[in-house]
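Engineer:
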Amino acid sequence: MSTRIRLGRRIGWGTTGLAAIMAVVAIGAPTASADVHTLAIYPTGQTYYVGGSYELVSTTAPTTAWVTLSDNGQCIGGMRSRPVNNVDSINLVAKLNWVPSTAGHHVLTAADSRTTKTFEVDVLAAPAGTVPAAPAQPSGCSPLERFLNSGSG
């Protein structure tokens, strides 16, 4: 046998072995999870009022690109999840300023394309003599806004 034929066979066997190893690694590797981990409201542990300003914070897996926040099923904002304080992190966050416009029971929801987390809170009418803040117009709720804002950067 010539040297070229032996070298070609060795390369062939090496390539086959490498492909087999890569297949085993790919099958055994955990799948990436695009998950919303938590949803919280800040400040916590207080009485919530119509027109008050509260921060909704959702932590997500690093692979989660877009989080939609809803109040009783109505979208109140959608955004890309980002590293905490713009520093690389294991968990990313999506934050939104929430101003409830109605009294009563509210089911707040953070969702990506795979998972949903909820947080329930009761909102009281604004105290007498106060002027409630107006809620901001929701942004990031339409498919077009999601498409335009979910890219890299």
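Reminder that position 109 of the sequence shown reads as 108 in numbering that gives the first Met the number 0, one-by-one numbering, no gaps. All residues carry an ideal CB built from backbone N, CA and C; glycine is no exception.
1. Does DSSP classify V83 as helix, strand or coil?
2. How far does the beta strand (DSSP E) with I89 in it extend, from its first residue to its last?
3. Check this for me: beta carbons of K166 and L55, under 8 angstroms apart or not?
4. Can you list the alpha helix (DSSP H) stretches of 4 or more residues lying completely in the stretch 43 to 68, in chain order?
5. Sorted by chain position, which residues of the same chain lie with C-beta nearer than 7 angstroms to S138's C-beta, five sequence neighbours on each side aside?
6. What are the start and end residues of the beta strand (DSSP E) that includes A109?
7. How do the stretch 56 to 73 and the stretch 102 to 112 stand: do at least 3 beta-carbon pairs fall below 8 angstroms, yes or no?
8. Return yes when the Cβ of V98 is within less than 8 angstroms of the Cβ of R132, no when it is not.
9. Going by beta carbon distance, what residues of the same chain come within less than 6 angstroms of C140, once the five residues before and after it are set aside?
10. Around the C-beta of Y53, are 16 or more other C-beta atoms found within 10 angstroms, so that it is buried, or is it exposed?
11. Mind checking Q136: buried by the 16 CB within 10 Å criterion, or exposed?
12. Please state if the CB of A127 and the CB of V49 are separated by a distance shorter than 8 angstroms.
13. Is it right to say T59 is buried, meaning 16 or more other beta carbons lie within 10 angstroms of its own, or is it exposed?
14. Decide if S57 is buried, meaning its Cβ has at least 16 other Cβ atoms within 10 Å, or exposed.
Structural biologist: Working from what's here:
1. helix
2. No beta strand (DSSP E) contains I89, which DSSP labels as neither H nor E.
3. Since the first residue shown for the chain is 0 and the last is 152, residue 166 is missing from the structure and cannot be characterised.
4. none
5. G76, E144
6. 103 to 110
7. yes
8. The sequence given here places Ala at residue 132; Arg does not occur at that position. Yes, the Cβ-Cβ distance between A132 and V98 is below 8 angstroms.
9. C74, G77
10. buried
11. exposed
12. no
13. buried
14. buried
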